[in-house]
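Enquirer:
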Amino acid sequence: MGAAAVTVAGQSSGVANAAGSDTYRQLAIFGDVFERVRAQYVEEPNDQELVESAINGMLTSLDPHSSYMNAKEAQDMRSQTRGQFGGLGIQVTMKDEVVLVEGSPFAESPAEKAGILSGDLIVEIDGDQVRGLTLSEAVDKMKGEIGTDVKLTVVREGAEKPLRMTLTRDLITVESVKHEAIDDVGYIKVNSFNEQTTVGLEEAVREINAEVGDDLKGYVLDLRSNPGGLLDEAVSVSDAFLQKGEIVSTRGRNADETRRYNARSGDDIDGKPLVVLVNGGSASASEIVAGALQDQRRATVVGSRSFGKGSVQTIIPLGSAGAMRLTTALYYTPSGRSIQGRGIDPDIMVEQPLPDEIKRQMGLDPEEEISRGESSLRGHITGNEETDEGSGSSSYVPQDREEDLQLKYALDLLNGVETNAMFPPKEQAKVDTNSSADTAAN
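Under the numbering used here, the first residue of the sequence shown is numbered 271, with each subsequent residue one higher.
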């Protein structure tokens, strides 16, 4: 699925301008090439693979998130949105004939443990070149019996040489929502936005309220390293904390394709203080939620700049059970901000340094910081608020809670240990759509 806010459509709602004569001439050339390959290639080609590769080449040339899915790939995508599948815990697409990792690996997955990063290019699987494989074939090679190993060769921007990693395959169960009470604060971690997210959020709030009762001081909504998911689930999660107002709007190429999503009456946490955590792995649907709660002054956003994926992909069913994933719109926060290539700037910037030992394992220089987001992806759609500074930041979250500076700061805010002018957010404050966070943690 990728780090995408996904909608599903049966047909395109817009009608493109009629193709000109030049376009038809080019299509005639394509037909001629296709027939010559079928007739003259040294080995007999597979017609279906030729056509699928041509379609995928057309779509992947548009941006990093558009692609063609054959029947098997489309089924795998549907399995991911339901929350359970086998593999390494990464979302991938094909780019320039190699496998591109989209978004952060799932929490506690083999890929996360191995140090795979968003934007990594997988060029070899078990010593075999990826070039020449379809996406489905590459994914199949990475899958396998649980407990078995797969060796990946990864090209990473900034690394002096390819990285060789051995990952142990595991069952990937994406538990969308985890929760617990940390003293008198409710902690809710949303790992991805799939079909179970809203139900999981409601259950989390209910159980935390029952456990803590009247002593509850507020909530932390942790969206760090959440690569996104279903648009409708992002809207539903935002709505759970809002009494009214716009959540997000999506705007397509044509003015009549603008759609606005608004909150319904009712706040599931009854107005309790709310802190949202984001980092460089927070993408797409995560940014919709963070942007809505930030602009509506419902929550204080803490952490580091998010990934900056502000585009919407529509899944369009095609013949033979395949599907096309096409970027059809950009989304905008309630104040009109485009996150594409820019990301969400937190109200309170709290950096989480990457330990030197992990940097060494990942082939990074000790002085180097990871700050790669949508703006670093080749062929990405340039956002109208994108700057040279780019989007993204480190997506590292320590396993040891004692070392988690971002979570500690959020808890300290809610417990009154830390004070900051940005917490709680001021309802009457004017939304500045161009400013970045200017307050740092002590």
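Glycine included, C-beta positions come from ideal geometry on N, C-alpha and C.
Are Glu644 and Gly611 touching if we call contact CB-CB under 7 Å?
Expert: Taking 7 Å as the Cβ cut-off, Glu644 and Gly611 qualify as a contacting pair.
Enquirer: Is Ile299 buried or exposed, if buried means 16 or more other CB atoms sit within 10 Å of its CB?
Expert: Looking at its Cβ environment, which holds fewer than 16 other Cβ atoms inside 10 Å, Ile299 is exposed.
Enquirer: Can you confirm whether the region 590-607 touches the region 319-339 when touching is taken to mean that 3 or more C-beta pairs between the two stretches lie within less than 8 Å?
Expert: Contact holds: three or more Cβ-Cβ distances are below 8 Å.
Enquirer: Tell me whether Val701 sits in a helix, a strand or coil according to DSSP, three-state version.
Expert: Its pLDDT being 40, under 50, Val701 is placed unreliably by the model, and the measurement read from it follows with that caveat. Here Val701 sits in coil by DSSP.
Enquirer: Please state the DSSP three-state secondary structure of Asn479.
Expert: In the structure shown, Asn479 sits in a helix (DSSP, three-state: H, G or I).
Enquirer: Give a yes or no on contact between the region 405-415 and the region 467-483, applying the rule of three or more CB pairs nearer than 8 Å.
Expert: Too few Cβ pairs lie closer than 8 Å, so no.
Enquirer: Just curious, the alpha helix (DSSP H) that Gly561 is in, first and last residue?
Expert: That run of the alpha helix (DSSP H) goes Ala555 to Asp565.
Enquirer: So, is Arg494 buried or exposed, given that buried needs 16 or more other C-beta atoms within 10 angstroms?
Expert: It is buried - the Cβ of Arg494 has at least 16 other Cβ atoms within 10 Å.
Enquirer: Pro587 lies in the beta strand (DSSP E); which residues open and close that run?
Expert: Start and end: Ser581 to Pro587.
Enquirer: If the criterion is Cβ atoms closer than 7 Å, does the pair Gly606 and Ser661 meet it?
Expert: No, these two residues do not count as a Cβ contact at 7 Å.
Enquirer: Are Leu684 and Lys487 touching if we call contact CB-CB under 7 Å?
Expert: A contact, by the Cβ cut-off of 7 Å.
Enquirer: Within 10 angstroms of its Cβ, does Gln318 collect 16 or more other Cβ (buried), or is it exposed?
Expert: Gln318 should be labelled exposed.
Enquirer: Per DSSP, which one or two residues make a beta bridge with Leu437?
Expert: According to DSSP, Leu437 bridges with Val420.
Enquirer: Using a beta-carbon distance below 7 Å, is Lys448 in contact with chain C?
Expert: Checking the listed chains, one finds no chain C in this structure; it contains a single protein chain.
Enquirer: Could you tell me if Leu491 is buried or exposed, where buried requires 16 or more neighbouring beta carbons within 10 angstroms of its beta carbon?
Expert: With 16 or more other Cβ atoms within 10 Å, it is buried.
Enquirer: Reducing DSSP to helix, strand and coil, say where Gln466 ends up.
Expert: Three-state DSSP puts Gln466 in coil, outside helix and strand.
Enquirer: Run through DSSP, which three-state label would Asn690 get?
Expert: Asn690: strand per DSSP, three-state reduction.
Enquirer: Mapping the DSSP letters down to three states, classify Lys487 as helix, strand or coil.
Expert: Lys487: coil per DSSP, three-state reduction.
Enquirer: For Glu473, tell me which candidate among Glu450, Gln669 and Gly397 has the shortest Cα-Cα distance.
Expert: Answer by Cα proximity: Glu450.
Enquirer: Could you name each continuous beta strand (DSSP E) segment of 3 residues or more that falls completely within the region 343-406, going from the start of the chain to the end?
Expert: Those beta strand (DSSP E) runs which fall completely within the region 343-406 and span 3+ residues are 354-357, 361-365, 368-372 and 391-395.
Enquirer: Tell me the rounded alpha-carbon separation between Lys542 and Met347.
Expert: Those two C-alpha atoms are separated by around 36 Å.
Enquirer: Quick one: what's got a C-beta closer than 7 Å to Gly290's C-beta in the same chain, skipping five residues either side?
Expert: Excluding sequence neighbours, Gly290 sits near nothing in its chain.
Enquirer: For the beta strand (DSSP E) containing Val455, name the first residue and the last one.
Expert: Val455 to Val460 is the span of the beta strand (DSSP E), which, as asked, contains Val455.
Enquirer: What are the start and end residues of the alpha helix (DSSP H) that includes Val307?
Expert: Unbroken alpha helix (DSSP H) run through Val307: Ser291 to Gln310.
Enquirer: Apart from the five residues just before and just after Asp485, which ones in its own chain have a Cβ nearer than 6 Å to its Cβ?
Expert: Excluding sequence neighbours, Asp485 sits near Asp454.
Enquirer: Compute the distance between the beta-carbons of Ser462 and Gly499, then report whether it is under 7 Å.
Expert: It is a contact, given that the beta carbons lie within the stated cut-off.
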